[in-house]
Amino acid sequence: MDAIITGLLLSLFAGLSTAIGGLAVFFIKKFKDCYLAFSLAFSVGVMTTISFVELLPAGIDFLGQSLGLGFFALGAGIAFLVDYLLPHSYIMEKVSSKGSDFSPELFRVGLFVAIGLAIHNLPEGFAVFAGNLQSPELGVLLAVAIAIHNIPEGMSVSIPVYYATKNRKKAFFISFLSGIVEPIGALLAALVLLPFLSQAVVGASLAMVAGIMVYICVDELLPTAYNCSGKNPHIMGFAFLLGCLVMEATIILLP
């Protein structure tokens, strides 16, 4: 019982670190499109690195190359279907008068990032919980590693929402919600999944999450970042590489 409680608390710690990244919105003083473009391209670097370095390879390890790539494509297809069923013309509908500060497009981008990262956080919560069951030391190491790379993920969520709504509290709260999914993943592992979980289920889930996140990057984040950058690829390129390097550093230094 102590190991279960400790595992849940460690996953809560790791998930709440997303909110630390979300605090970035309280330090933004002026609205500049180049800042938004930078943060979105940084998000692409973060999410694609997670997808291609962690999630998809793990899915292939569990399932084999053909099935792993198949579930990756299935995840992207599911994201496309959701995007098709919630068309831009509906979500982009004006909700206030001309001149309003609200931007439905950026709010939509922020929500998509939050949803993608929340889904990705579920298996992370399970990983922390399972690691703690194996040994308390492993559980702590996993929680710290995940907490560190959750910080830029929180920034990826909160900054687009902040630029869309000009509401710091709302932006922070949405990033907080995307992180709180992590202890929910641990709780599911404790209550439901642990007795029935198989390598095939884990592998399929990880590969599908990778596909979902890559689709969000290509369809939502990159076009918006390009428009906000003044069509300047140098801002996007630097931010994308920085996002990749930050996430890769956390993976290498805290494996």
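Numbering (our numbering), first residue to last: 1199 to 1453.
Virtual Cβ for every residue (Gly too), placed ideally from N, Cα, C.
Remember, predicted model here, so these are calculated numbers, not experimental data.
Assign residue i to one of three DSSP states: helix, strand, or coil.
i     : result
S1396 : coil
N1319 : helix
S1410 : Checking the sequence shown, residue 1410 turns out to be Ile, not Ser. In the structure shown, I1410 sits in a helix (DSSP, three-state: H, G or I).
G1275 : helix
K1230 : coil
G1377 : helix
G1205 : helix
K1368 : helix
G1428 : coil
G1352 : helix
G1441 : helix
From this set, the options, which residue's C-alpha is nearest residue i's C-alpha?
i     : options                       : result
L1261 : N1425, S1403 and P1350        : S1403
I1313 : T1247, A1341, E1380 and A1362 : E1380
L1208 : V1412, G1383 and S1427        : G1383
A1405 : F1250, G1219 and A1201        : F1250
V1280 : L1253, R1306, G1257 and A1256 : R1306
A1447 : E1418, V1355, G1409 and N1348 : N1348
Decide if residue i is buried, meaning its Cβ has at least 16 other Cβ atoms within 10 Å, or exposed.
i     : result
N1430 : exposed
P1350 : buried
I1357 : buried
I1289 : Confidence at I1289 is low in this model, with a pLDDT of 37, below 50, so its placement is unreliable and no value can be given for it.
S1287 : Only weak support is given to the placement of S1287: the predicted model assigns it a pLDDT of 41, under 50, and the value that follows is read from those uncertain coordinates. Result: exposed.
L1234 : buried
A1274 : buried
G1243 : buried
V1399 : exposed
Note down the Cα distance separating residue i from residue j, rounded to an integer number of angstroms.
i     : j     : result
F1278 : V1407 : 13 Å
F1269 : Q1397 : 14 Å
S1298 : L1375 : Because the pLDDT of S1298 is 43, which lies under 50, any placement of that residue in the model is unreliable, and the question is left without a value.
V1223 : A1369 : 7 Å
L1283 : E1335 : 45 Å
G1401 : Q1263 : 11 Å
A1201 : C1426 : 47 Å
C1415 : L1439 : 14 Å
G1266 : Y1360 : 36 Å
K1230 : N1330 : 43 Å
N1319 : L1210 : 11 Å
Under the assumption that residue i contacts residue j (Cβ atoms under 8 Å), give the Cβ distance between them as a whole number of angstroms.
i     : j     : result
M1411 : A1423 : Going by Cβ atoms, the distance from M1411 to A1423 rounds to 16 Å, so no, they are not a contact pair.
A1239 : A1362 : With 8 Å as the limit, A1239 and A1362 do not qualify as a contact, their Cβ atoms being about 17 Å apart.
E1322 : I1344 : 5 Å
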